[in-house]
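Protein chains: 2
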Amino acid sequence: MRVTLDAKKMPGKWYNIIPDLEFDVSPPMSPSGYPLGFHDLEPLAPHAVIEQEFEKEKREIKIPDELQALYREWRPTPLFRAERLEKRLDTPARIYYKYEGGSPSGSYEFNTAVAQAYYASYEDIKYLVAATGNGEWGASLAAACNFFDIKCKVYMVRASYEERAYGRSIMELLGAEVVPSPSENTRTGSKVLGKDPGSSGSLSIALSEAFEEASKKEGAKFAWGTVMNHIIMHQTLIGQEARLQMKEAGARPDIIISAVGGGSGFGGLVFPFYKEREEGSRFIAVETASAPSLSKGRYAYDYTDSDGFAPLLKMYTIGHGYVPPNIRAGGMRYHGMSPLVSALYREKRIEAKAYTQRRAFEAGVEFARAEGFVPSPESSYAIKAVVDEARACREKKERKNILFLMNTNSNLDIAVFKEFLEGAMEDHVAQDEHVEAAVRDLPEVE
Amino acid sequence: MRVTLDAKKMPGKWYNIIPDLEFDVSPPMSPSGYPLGFHDLEPLAPHAVIEQEFEKEKREIKIPDELQALYREWRPTPLFRAERLEKRLDTPARIYYKYEGGSPSGSYEFNTAVAQAYYASYEDIKYLVAATGNGEWGASLAAACNFFDIKCKVYMVRASYEERAYGRSIMELLGAEVVPSPSENTRTGSKVLGKDPGSSGSLSIALSEAFEEASKKEGAKFAWGTVMNHIIMHQTLIGQEARLQMKEAGARPDIIISAVGGGSGFGGLVFPFYKEREEGSRFIAVETASAPSLSKGRYAYDYTDSDGFAPLLKMYTIGHGYVPPNIRAGGMRYHGMSPLVSALYREKRIEAKAYTQRRAFEAGVEFARAEGFVPSPESSYAIKAVVDEARACREKKERKNILFLMNTNSNLDIAVFKEFLEGAMEDHVAQDEHVEAAVRDLPEVE
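Rendered as structure tokens:
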């Protein structure tokens, strides 16, 4: 069952959770240990975006009309009730999913990509530079840049650039310049290649390269894909719409679930429901067991990129030096976590669960066979948690409403399911001793 | 700009064009030369579907309520105005597209897949057997079968089975049994392999194998993906919705364009606009120059499969023996064409154009950069015709409304664009002498 929402009801504002929090969130920090302000980030992002990053007072930020018109090309997105999955699980629970797979780039990342490109175009920015793993974020940004005649350059983790050619192909099809990272373009890249000419790269290195280029190049700025406050704010369209749709469906969500990589999808869905906590709603962030920042990490300031060009953030981290195995959900391999999501976890406002990838893909296949849509690898992790909660409802004979966030991103993902179905996929669990070793090297900033 | 349509306005009936035609359409025929009737097709399809195939009186067929509820999971689909593309082309024309890429399987084929699976489930049919090239049709049918607990078996052209593993992977992910064709499962397959053990197969051979299995296996039926009258009828939801949406947008379509393979997408979009012809609307079917049934074929009875298990149809054909080069739009390589679309072309109610694949993909890339959505290879051919018409409008300073059908199918298609962008794609044009040689072997049925 699909619950649509009239285009006129698309939210005209982004939601900022900070004024509603009963506790403080630690600010971004420089490597030398002072809290960063507006001017420190100026070289990196459009002014309007930096203002949003530091906004602590306003609960709502108006979305410019031109941008609202763009959002209306694919928003409001539908909410579905997964009745066939409920039947297969023989559960009294009702399972709802907010479906973001219908955006032009096939994922919710497009929500912030168009916002950032829009603001960049108003400040005469000619280039946006970004880092990407498999290509989801890069493809979203490339499509959005085209709408505003902005050039897009993407540093792509070399392992992904070489292995999974489709992510790269989509970005190139959309006209973006894609550079395998590490590259000789930047000091960071050259340094890494100097030590290890065959380096397959990492997202942290790609981030450093993109930062370096954005801060040096005339007319260029960096574009974040997740983690930062303003990105989550842009994503709150998801949760605001889902709230209206759940009301139309007459279902207050008892459990809200999303996969977490950097935290923007989770925050985008969950934050607009934050006050429902008082009525008993639970929020579950689902991690991969191979990079479990919340479940096993330390709450501390850490680098967000390999060379410390980007701000340090107070967050749950398994250490910027920890290299997770190459599991098939690129966006979930990041060592850190959004400071907002981290603070909520610290304050026990949200829960975390971690699963190995084969459990996730097993659930993803079950979902696809029931509902028809093939979920993204990230969404498959969320679905595993949904299935577990729905089975618990069956045991306890409880009729709960479960809501989760669903993406497709299918351009990149079928290879992953193929690997799973062929039995060629291995499970990985982050070992405590490795995480402990990695967090021992955290920078000393408090 | 997106034009949505209220769920309540989704058409409750399929449209049958036959009562509105001013001429007769020749019936399906047996190889021995007698017109086929209901009982001849009985072993192959559910009764309700065969009735639809032979329906000549009723203009409208009611869609069962349960099926309407299913359609509402992704229908009505949106209509878009491609304003950014118009701007890039600097044309006074207005370009609209009916977007079918948001269905669970990512293509309009899902419209008939769920209808066929629905009727099959009501007649206690346990298996549906189909033939597929790249996997678009097989994936749609596999997803639809899951909704009704029907087993799905797909004979997939061996060249595609081996080359483009994603089509196969999606079907397997959805639980279908996928068999590379030619196979040893059937007499047809064994015969082909006996002559040529390394045969890479063809859609005609896969069709014969699927027919053979469906007609022999207890509780099994065959499922067509295109060509037949009932398939186009199921697809008329597309055009009926587009008509309402064009009215809401205040735009009478002057030119309606769709790619044609077997003709079901074209018919589904165009037939509900048939009467607009009297007000000057033009309809353009776009073919690939490597398999131009309408543009270069003969209007005659021909086999629809390699061994003549399926009905012979009166259609434009380049000969069932003609093997088109392996161009990257699998659905457009078929030698024949829907009898309804063929008859309309014969009677000059519609036009046909043919393009080589590189021209098509060039247009597809331009569209993706303007609009964000990556079109399917088939849709790229339609877009090439749209771009040409829009440029003609610029020359003549005419403000026409152009409407076309757009699919994504992106799971399968990115490899194709990669090949194009890397300059590794060749153009192919069907040579007159090859087509003439192929149509020389047509069966003698008139």
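Just so you know, the protein sequences line up as chains A and B, in that order.
If you read the first sequence in the numbering used here, its first letter stands for residue 1, the second for the next number, and so on.
If you read the second sequence in the numbering used here, its first letter stands for residue 1, the second for the next number, and so on.
Every residue gets a Cβ at the ideal spot worked out from N, C-alpha and C, and that includes glycine.
Distance, residue j Cα to residue i Cα
i, j, result
"residue 180 of chain B", "residue 323 of chain B", "18 angstroms"
"residue 155 of chain A", "residue 292 of chain A", "25 angstroms"
"residue 209 of chain B", "residue 133 of chain B", "13 angstroms"
"residue 60 of chain B", "residue 249 of chain B", "25 angstroms"
"residue 189 of chain A", "residue 315 of chain A", "26 angstroms"
"residue 239 of chain A", "residue 300 of chain B", "58 angstroms"
"residue 130 of chain A", "residue 379 of chain A", "23 angstroms"
"residue 393 of chain A", "residue 13 of chain B", "40 angstroms"
"residue 422 of chain A", "residue 358 of chain A", "12 angstroms"
"residue 246 of chain A", "residue 350 of chain A", "20 angstroms"
"residue 339 of chain A", "residue 338 of chain B", "59 angstroms"
"residue 84 of chain A", "residue 404 of chain A", "16 angstroms"
"residue 438 of chain A", "residue 319 of chain A", "5 angstroms"
"residue 147 of chain B", "residue 57 of chain A", "49 angstroms"
"residue 104 of chain A", "residue 23 of chain B", "42 angstroms"
"residue 113 of chain B", "residue 106 of chain B", "12 angstroms"
Sheet register partners of residue i (DSSP bridge)
i, result
"residue 255 of chain A", "A/282, A/402"
"residue 60 of chain B", "B/15"
"residue 179 of chain A", "A/155"
"residue 3 of chain B", "B/79"
"residue 10 of chain B", "Per DSSP, none; premise fails for residue 10 of chain B."
"residue 29 of chain A", "A/35, A/312"
"residue 287 of chain B", "B/354"
"residue 94 of chain A", "A/401"
Min CB distance residue i to chain A below 7 angstroms
i, result
"residue 197 of chain B", "no"
"residue 273 of chain B", "no"
"residue 169 of chain B", "yes"
"residue 148 of chain B", "no"
"residue 251 of chain B", "no"
"residue 311 of chain B", "no"
"residue 133 of chain B", "no"
"residue 13 of chain B", "no"
"residue 418 of chain B", "yes"
"residue 73 of chain B", "yes"
"residue 360 of chain B", "no"
"residue 143 of chain B", "yes"
8 angstroms contact criterion, which residue i and residue j should meet: CB distance rounded
i, j, result
"residue 407 of chain B", "residue 166 of chain B", "About 16 angstroms separates the two Cβ atoms, so there is no contact after all."
"residue 241 of chain A", "residue 76 of chain A", "5 angstroms"
"residue 355 of chain B", "residue 384 of chain B", "5 angstroms"
"residue 272 of chain A", "residue 226 of chain A", "17 angstroms between Cβ atoms; not a contact."
"residue 443 of chain B", "residue 215 of chain B", "Actually they are not in contact, since the Cβ atoms of residue 443 of chain B and residue 215 of chain B sit about 20 angstroms apart, beyond 8 angstroms."
"residue 285 of chain B", "residue 264 of chain B", "Not confirmed; about 12 angstroms, so no contact."
"residue 462 of chain A", "residue 144 of chain A", "Here chain A comprises residues numbered 1 to 446, so residue 462 of chain A is not present and cannot be evaluated."
"residue 67 of chain B", "residue 118 of chain B", "5 angstroms"
"residue 79 of chain B", "residue 3 of chain B", "4 angstroms"
"residue 233 of chain A", "residue 15 of chain A", "7 angstroms"
"residue 101 of chain A", "residue 373 of chain A", "7 angstroms"
"residue 122 of chain B", "residue 150 of chain B", "Between residue 150 of chain B and residue 122 of chain B the Cβ distance is about 11 angstroms, and since that is not below 8 angstroms, they are no contact."
Residue-chain proximity (residue i, chain B), Cβ-Cβ < 7 angstroms
i, result
"residue 175 of chain A", "yes"
"residue 151 of chain A", "no"
"residue 421 of chain A", "yes"
"residue 37 of chain A", "no"
"residue 373 of chain A", "yes"
"residue 172 of chain A", "yes"
"residue 354 of chain A", "no"
"residue 369 of chain A", "yes"
"residue 2 of chain A", "yes"
"residue 225 of chain A", "no"
"residue 117 of chain A", "no"
"residue 76 of chain A", "no"
"residue 259 of chain A", "no"
"residue 104 of chain A", "yes"
- Item | Ranges of the alpha helix (DSSP H) found wholly within the segment 299–359 of chain A, counting only runs of at least 4 | 339–346
- Message: Quick check for students: name the residue ranges of the beta strand (DSSP E) that lie wholly in the segment 170–240 of chain A, counting only runs of 3 or more.
- Response: 177–181, 220–222
- Pick out the complete alpha helix (DSSP H) segments inside the segment 97–159 of chain B, 4 residues or longer, and give them in chain order. 109–122, 136–147
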